[in-house]
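Chains as they are written, first to last, in the working numbering: chain R, 4 to 117; chain D, 4 to 117.
Just so you know, even glycine gets a beta-carbon here, dropped at the ideal spot from N, CA and C.
Since we're looking at a predicted model, the values are computed, not measured.
Below is one structure; the comments refer to it alone.
Number of protein chains: 2
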Amino acid sequence: MKDSTREAIDGVLGVDRLVHEPARLAILTVLSQAEYAEFGFLELACRLSKGNLSSHLSKLEAGGLVSIEKRFVGKRPQTRAAITPAGREALQRYRKQLAALLGAATEQNGGETP
Amino acid sequence: MKDSTREAIDGVLGVDRLVHEPARLAILTVLSQAEYAEFGFLELACRLSKGNLSSHLSKLEAGGLVSIEKRFVGKRPQTRAAITPAGREALQRYRKQLAALLGAATEQNGGETP
DNA sequence: GCAAACTAGTTTGCCGCGCAAACCTTATGC
DNA sequence: GCATAAGGTTTGCGCGGCAAACTAGTTTGC
Chain R
4 MKDSTREAID
14 GVLGVDRLVH
24 EPARLAILTV
34 LSQAEYAEFG
44 FLELACRLSK
54 GNLSSHLSKL
64 EAGGLVSIEK
74 RFVGKRPQTR
84 AAITPAGREA
94 LQRYRKQLAA
104 LLGAATEQNG
114 GETP
Chain D
4 MKDSTREAID
14 GVLGVDRLVH
24 EPARLAILTV
34 LSQAEYAEFG
44 FLELACRLSK
54 GNLSSHLSKL
64 EAGGLVSIEK
74 RFVGKRPQTR
84 AAITPAGREA
94 LQRYRKQLAA
104 LLGAATEQNG
114 GETP
């Protein structure tokens, strides 16, 4: 087994579950491309129901990966989310781990290679 | 929001959960690089306990992504796993989806881009 | 002015899943 | 003969994602 494969596997086994969840990965990806985003925008951008978006945002906030700001616009409440520096780092680390796995190309050896 | 980002998000939201799980991703990655692998080898290669390896292999088999062959070597049982064509396709598809996400580079725009 | 509908989220409940631990069976040492 | 190891499978539990229900306030229709 190649060293690069060994590292790729160790990487994927060590991914942050908070980041690894598809819905949250979508949220973090969107947030990484803008300074902030409103709840309604994320709802559309990530194709999530309000309920699920709300709970995922709460978890990301609890993990310190995003910050949530609530305010009023006119008489309506509005929630804004932004990625934190820790969130950026976590996403970066995740991307490296996944990139390593994708780099583990599909090479054919005979049976296993102990 | 850029088209490539839109596609990346749709991709990640649509990943096959059977493949997305880190332990199974490790198993599939190892299997994709050899014709087959023995249980004991996978245990070491994927750093999984026998119990967890067993249950993950069962799920992969149930999903048709790997095939399991049981036989006896002397008087001891031995289990061999191999990735199936469907498994290769699923892994391939997964890789494309993740690659799209990694490709969604971290570009800074001002706030959101509706 | 009041009900119905809409906006903007949060909370609740279920069920499916990953993981650790217990268990089983057949060898191999001591 | 009794512990230990190889080669797994099964069981139990606790967390977690998702859909659905709920809350709270606002706007619209009549």
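Point to revise | CB contact below 8 Å: D6(D) versus chain R | key: When Cβ-Cβ separations below 8 Å define contact, D6(D) makes no contact with chain R.
Practice item. Indicate whether at least one CB of chain D lies closer than 8 Å to the CB of R50(R). Key: Taking 8 Å as the CB threshold, R50(R) lines the interface with chain D.
Exercise for review: Count the CB pairs spanning the segment 5-15 of chain D and the segment 7-22 of chain R that are closer than 8 Å, and state whether there are at least three.
Suggested key: These segments do not touch.
**Study point:** Nearest-angstrom Cα separation, counted from G77(R) out to L125(R)
**Key:** Past the boundaries of the shown model lies residue 125(R); chain R is included only from 4 to 117, so the question cannot be answered.
Practice item. Return the chain-ordered list of same chain residues with a C-beta closer than 6 Å to the C-beta of K73(D), the five sequence neighbours on each side being excluded. Key: Scanning its chain for C-beta atoms nearer than 6 Å, with the 5 sequence neighbours on each side dropped, one finds around K73(D) the residues T82, in chain order.
Review point. Y2(D) and A84(D): beta carbons closer than 8 Å?
Key: Residue 2(D) lies beyond the residue range present for chain D, which begins at 4 and ends at 117; the question has no answer from this structure.
**Study point:** Nearest neighbour of E24(D), chosen from Q36(D), A107(D) and L63(D) [CA to CA]
**Key:** The residue among Q36(D), A107(D) and L63(D) with its C-alpha nearest the C-alpha of E24(D) is L63(D).
Check your understanding: With 8 Å set as the bound, which would you pick, yes or no: does the beta-carbon of P80(R) sit closer than that to a beta-carbon of chain D?
Key -> No, its Cβ sits nowhere closer than 8 Å to a Cβ of chain D.
**Study point:** Closer than 8 Å to chain D by CB, V18(R)
**Key:** For V18(R), a Cβ of chain D is located within less than 8 Å of the residue's own Cβ.
**Study point:** Whether L28(R) touches F42(R) by CB criterion (8 Å)
**Key:** Contact flag unset, no.
Review point. Interface residues of chain R around I12(D) at Cβ under 8 Å?
Key: One finds A29, T32, V33, A48, C49 and R50 in chain R with Cβ atoms closer than 8 Å to the Cβ of I12(D), taken in chain order.
Point to revise | Close-in-space but distant-in-sequence residues of the same chain around A48(R) (CB under 6 Å, 5 per side omitted) | key: Taken in chain order, the residues that qualify are V33.
Point to revise | Contacts that A102(D) makes with chain R (C-beta to C-beta distance below 7 Å) | key: Chain-order list of chain R residues neighbouring A102(D): L105, by C-beta distance under 7 Å.
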